[in-house]
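Visitor:
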Amino acid sequence: MTTRSEPSILHLDLDAFFAAVEQRDKPSLRGRPVIVGGLGPRGVVSTASYEARVFGVRSAMPMSEARARCRHAAFLARRFDAYRKVSTVVMDQLRALSPLVEPLSLDEAFVDLAAGEHPDLSPGGVRAVGERLRTTIHARTRITASVGAASSKTLAKIASEQAKPDGLMVIEPGTELDVLHPLGVRALPGVGPATAARVARLGVRTVGDLARIAEGELVDLLGEAHGRSLFRLAHGLDGRAVSSDRASKSISVEDTFDRDITDRALLAGLTRRLAEKVADRLVRSGHSARTITLKVRLHDFTTLSRSATLPGPTDDARSISRLAVQLLDEVDTAGGIRLLGVGVSGLSDWVQDDLFSAAEGSEQPPTDDADDADEGDEGDEGDDAGDLDAAVHSAGRWVPGMDVVHARLGPGWVWGSGLGRVTVRFETADTPPGPVRTFAADDPELSGVSHLQEAD
DNA sequence: TCTGGGGTCCTAGGACCC
DNA sequence: TCTGGGGTCCTAGGACCC
Numbered sequence: 001m002t003t004r005s006e007p008s009i010l011h012l013d014l015d016a017f018f019a020a021v022e023q024r025d026k027p028s029l030r031g032r033p034v035i036v037g038g039l040g041p042r043g044v045v046s047t048a049s050y051e052a053r054v055f056g057v058r059s060a061m062p063m064s065e066a067r068a069r070c071r072h073a074a075f076l077a078r079r080f081d082a083y084r085k086v087s088t089v090v091m092d093q094l095r096a097l098s099p100l101v102e103p104l105s106l107d108e109a110f111v112d113l114a115a116g117e118h119p120d121l122s123p124g125g126v127r128a129v130g131e132r133l134r135t136t137i138h139a140r141t142r143i144t145a146s147v148g149a150a151s152s153k154t155l156a157k158i159a160s161e162q163a164k165p166d167g168l169m170v171i172e173p174g175t176e177l178d179v180l181h182p183l184g185v186r187a188l189p190g191v192g193p194a195t196a197a198r199v200a201r202l203g204v205r206t207v208g209d210l211a212r213i214a215e216g217e218l219v220d221l222l223g224e225a226h227g228r229s230l231f232r233l234a235h236g237l238d239g240r241a242v243s244s245d246r247a248s249k250s251i252s253v254e255d256t257f258d259r260d261i262t263d264r265a266l267l268a269g270l271t272r273r274l275a276e277k278v279a280d281r282l283v284r285s286g287h288s289a290r291t292i293t294l295k296v297r298l299h300d301f302t303t304l305s306r307s308a309t310l311p312g313p314t315d316d317a318r319s320i321s322r323l324a325v326q327l328l329d330e331v332d333t334a335g336g337i338r339l340l341g342v343g344v345s346g347l348s349d350w351v352q353d354d355l356f357s358a359a360e361g362s363e364q365p366p367t368d369d370a371d372d373a374d375e376g377d378e379g380d381e382g383d384d385a386g387d388l389d390a391a392v393h394s395a396g397r398w399v400p401g402m403d404v405v406h407a408r409l410g411p412g413w414v415w416g417s418g419l420g421r422v423t424v425r426f427e428t429a430d431t432p433p434g435p436v437r438t439f440a441a442d443d444p445e446l447s448g449v450s451h452l453q454e455a456d
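Residue numbering for the first sequence follows UniProt numbering, starting at 1 and increasing by one per position.
1. Curious, which full-length beta strand (DSSP E) runs of at least 3 residues does the region 70 to 128 contain?
2. On a Cα-Cα basis, can you pick out the residue from R42, S64, E254, V36 that is closest to E51?
3. Judging by CA-CA distance, which residue of V283, A334, L328 is the nearest neighbour of D300?
4. Count the other CB atoms within 10 Å of the CB of E176; is the residue buried (16 or more) or exposed (fewer)?
5. DSSP on I137, reduced to helix/strand/coil?
6. Using a Cβ-Cβ cutoff of less than 6 angstroms, which residues in the same chain neighbour L409 once the five nearest sequence positions on both sides are dropped?
7. Please report the distance separating the alpha-carbon of L29 from that of G401.
8. Pick from A429, A441, H406, A407: whose alpha carbon is nearest that of G416?
9. According to DSSP, is T206 part of a helix, a strand, or is it coil?
10. Are the region 272 to 286 and the region 238 to 247 touching by the rule of at least three beta carbon pairs closer than 8 angstroms?
11. Kindly list the residues whose CB is nearer than 8 angstroms to the CB of P99, restricted to its own chain and excluding five residues on each side of it in sequence; keep chain order.
12. When DSSP builds the beta bridges, which residues end up paired with V405?
13. Sorted by chain position, which residues of the same chain lie with C-beta nearer than 7 angstroms to residue 460's C-beta, five sequence neighbours on each side aside?
14. Among H393, L419, V436, V392, which one has its Cα closest to the Cα of W413?
15. Is DSSP giving V253 helix, strand or coil here?
16. Could you name the residues of the same chain whose beta carbon sits closer than 6 angstroms to that of V126, not counting the 5 residues immediately before and after it, in chain order?
17. Answer with buried or exposed for A385, where buried requires no fewer than 16 other C-beta atoms within 10 angstroms of its C-beta.
18. From F80 to S285, what distance separates their C-alpha atoms?
19. Measure the alpha-carbon distance for A373 versus Q326 and round it to whole angstroms.
20. Residues in its own chain within less than 6 angstroms of A20 by CB, not counting five upstream and five downstream?
21. Would you decide whether G312 is buried or exposed? Buried here means 16 or more other CB atoms lie within 10 Å of its CB.
22. Between the beta-carbon of K295 and the beta-carbon of G343, is there less than 9 angstroms?
23. Could you name the residues of the same chain whose beta carbon sits closer than 7 angstroms to that of A370, not counting the 5 residues immediately before and after it, in chain order?
24. For V45, which beta-bridge partners are listed by DSSP?
25. Give the DSSP-derived three-state secondary structure of A308 in the structure shown.
26. Does the structure place the region 152 to 159 close enough to the region 174 to 193 that three or more beta carbon pairs sit under 8 angstroms?
27. What is the C-beta distance between S428 and D25, in whole angstroms, given that I count them as a contact (C-beta under 8 angstroms)?
28. Beta-carbon within less than 7 angstroms of S362's beta-carbon, same chain only, minus the 5 sequence neighbours each way: which residues are those?
29. State the DSSP-derived secondary structure class of T154, mapped to helix, strand or coil.
30. Could you compute how far the alpha carbon of S49 sits from the alpha carbon of L104?
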């Protein structure tokens with residue numbers, strides 16, 4: 001648990017990432033408030049540009065509130081394909097610094113510089129590495145990044161947070177507590193609203209306050225694991241290694257509906273569809289799973305889960321689907337459901353086992369399916385996902401922010417749509433702000449180019 | 001028109017086993 | 001014939017993170 005003597009752990013965080021990519025690709029939005037997130041009636045903010053943050057708009061805020069706070073902002077749907085492309089370039093730059101890179105999300109990662117080839121890991125040497133990295137990333141992506149470096153993960157992350165936006169901070173070994181102790185407890189990773197409220201009852205507001213509390217008292221208040229880890233963090237102790245190969249432990253898909261749903265047949269159909277998506281991702285990841293979990297959020301936002309564990313792992317869509325619908329039967333849905341989710345856990349590396357599929361294959365070719373007695377009466381509804389979508393979501397063909405191309409006018413993006421019309425601004429990352437034109441929504445010369453809804 | 005979607009880790013209680 | 005003590009697995013829920 002020795003804390004290292006050099007600030008060789010680096011943390012990189014792209015600034016207001018989704019909004020920054022939108023401003024890069026939509027020149028007319030540069031310098032203006034941009035809010036990216038779910039545009040439906042129950043959407044929330046994913047990322048607000050710094051111009052929008054001035055109005056108090058924050059991540060995870062309901063879109064309705066964001067609109068009230070900042071009426072003149074541009075409200076855009078997410079374009080994950082674009083974000084993934086930037087992320088790939090950035091992560092490649094990090095891997096050029098060291099083989100030990102731990103991505104935390106599309107826009108954030110730790111790098112252990114000590115595992116790379118860096119002769120000078122003094123604060124000055126690390127500062128040079130960080131500045132060069134920021135410069136390269138901006139040159140390759142036109143996105144700004146903030147970088148923190150310190151002797152531990154926690155401090156490196158705090159440093160990049162302090163450096164934001166578009167900055168660099170290296171915490172010199174020996175000065176960790178000087179940086180840490182004046183900060184509010186919420187600066188520590190793992191301290192959210194609930195933990196902050198608990199320690200506030202002990203009069204604790206800053207990390208320095210926290211460091212004066214005995215370990216036993218924190219354990220009593222917060223539990224064994226959380227209490228001890230917070231105690232250590234408050235004293236600047238964090239020996240966690242940067243880990244580049246963390247196996248995933250669960251896969252899940254969930255959907256919040258535009259309006260609450262009570263219709264049980266519809267809910268069963270949606271559950272099956274979610275289960276199929278999960279199974280598809282499971283298969284594509286080369287895993288199988290033993291535990292299936294159904295998640296249900298009721299009209300009043302109460303969230304329940306029901307799970308079942310199989311004797312052995314599966315990646316079969318029909319098994320997962322059947323189980324998920326069975327779990328749904330245990331839930332009282334009469335009051336209305338706002339969200340359904342299906343997840344799998346207990347993952348094993350198990351690429352479609354030959355023994356099993358050989359044994360089962362002989363007794364279930366697609367035609368003699370009679371053993372699944374209850375599937376016969378759904379053949380007519382299970383085929384049309386579009387109907388399910390229409391029953392549950394109102395999004396049209398043209399979603400604000402999406403990339404389009406016009407046969408004569410070239411590439412642009414959807415500015416807004418409605419009443420049978422769609423308005424497009426014709427500009428790209430490499431043009432000056434461009435002109436706006438309005439078309440009929442079914443104009444044959446206009447077509448979409450990106451897959452907006454393909455989530456991360 | 002309050003409150004997304006994808007995850008991780010932890011806890012507590014019961015079953016079960018030695 | 002008045003109550004052990006671990007350990008593991010499973011389920012449900014909660015806190016937290018981006």
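Note that the Cβ used here is the ideal one computed from N, Cα and C, for glycine as well. Every value quoted in this text rests on a predicted model; they were computed, and no experiment measured them.
Guide: This is what the structure gives:
1. 74 to 76, 101 to 105, 108 to 112, all fully within the region 70 to 128.
2. The shortest C-alpha separation from E51 is found at V36.
3. Selected option, being the one with the closest Cα: A334.
4. That one is buried.
5. Helix at I137.
6. F426.
7. Approximately 11 angstroms between the Cα atoms of the pair.
8. Among A429, A441, H406, A407, the Cα nearest to that of G416 is on A441.
9. Correct three-state label for T206: strand.
10. The region 272 to 286 is not in contact with the region 238 to 247.
11. Once the five neighbours on either side are set aside, the close Cβ partners of P99 are A115, G116, S244.
12. Beta-bridge annotation (DSSP): V405 is paired with P411, S447.
13. The shown model of the chain, from 1 to 456, leaves out residue 460, and the question about it has no answer.
14. Per the Cα distances, V436.
15. In the structure shown, V253 sits in a strand (DSSP, three-state: E or B).
16. Taking C-beta separations shorter than 6 angstroms and ignoring five residues to either side along the sequence, the partners of V126 in its chain run P7, A149, V170, following chain order.
17. Per the 10 Å Cβ criterion, exposed.
18. Each residue's alpha carbon lies about 19 angstroms from the other.
19. Legend: pLDDT at A373 = 38, less than 50; position of this residue unreliable, value from coordinates given subsequently. In this structure, the alpha-carbon of A373 lies about 14 angstroms from that of Q326.
20. Excluding five sequence positions before and after A20, the CB atoms of its chain that fall closer than 6 angstroms to its own CB belong to I143, given in chain order.
21. With fewer than 16 Cβ atoms within 10 Å of its Cβ, G312 is classed as exposed.
22. Yes; because the gap between Cβ atoms is below 9 angstroms, this pair is in contact.
23. With a pLDDT of only 38 at A370, under 50, the local geometry of the prediction cannot be trusted, and the value read off the model is given with reservation. Nothing listed; no residue qualifies.
24. DSSP, once it has assigned bridges, lists G37 as partnering V45.
25. Collapsing the DSSP output to three states places A308 in a strand.
26. Output reads yes: the region 152 to 159 touches the region 174 to 193.
27. Here the sequence assigns Thr to residue 428, which means Ser is not the residue at that position. Rounded, the Cβ-Cβ distance is 7 angstroms, consistent with contact.
28. For S362, the pLDDT reaches just 40, beneath the cut-off of 50, and the residue's location in the model is therefore unreliable, leaving the point undetermined.
29. In this structure, T154 counts as helix in the three-state DSSP scheme.
30. The C-alpha of L104 is placed about 21 angstroms away from the C-alpha of S49.
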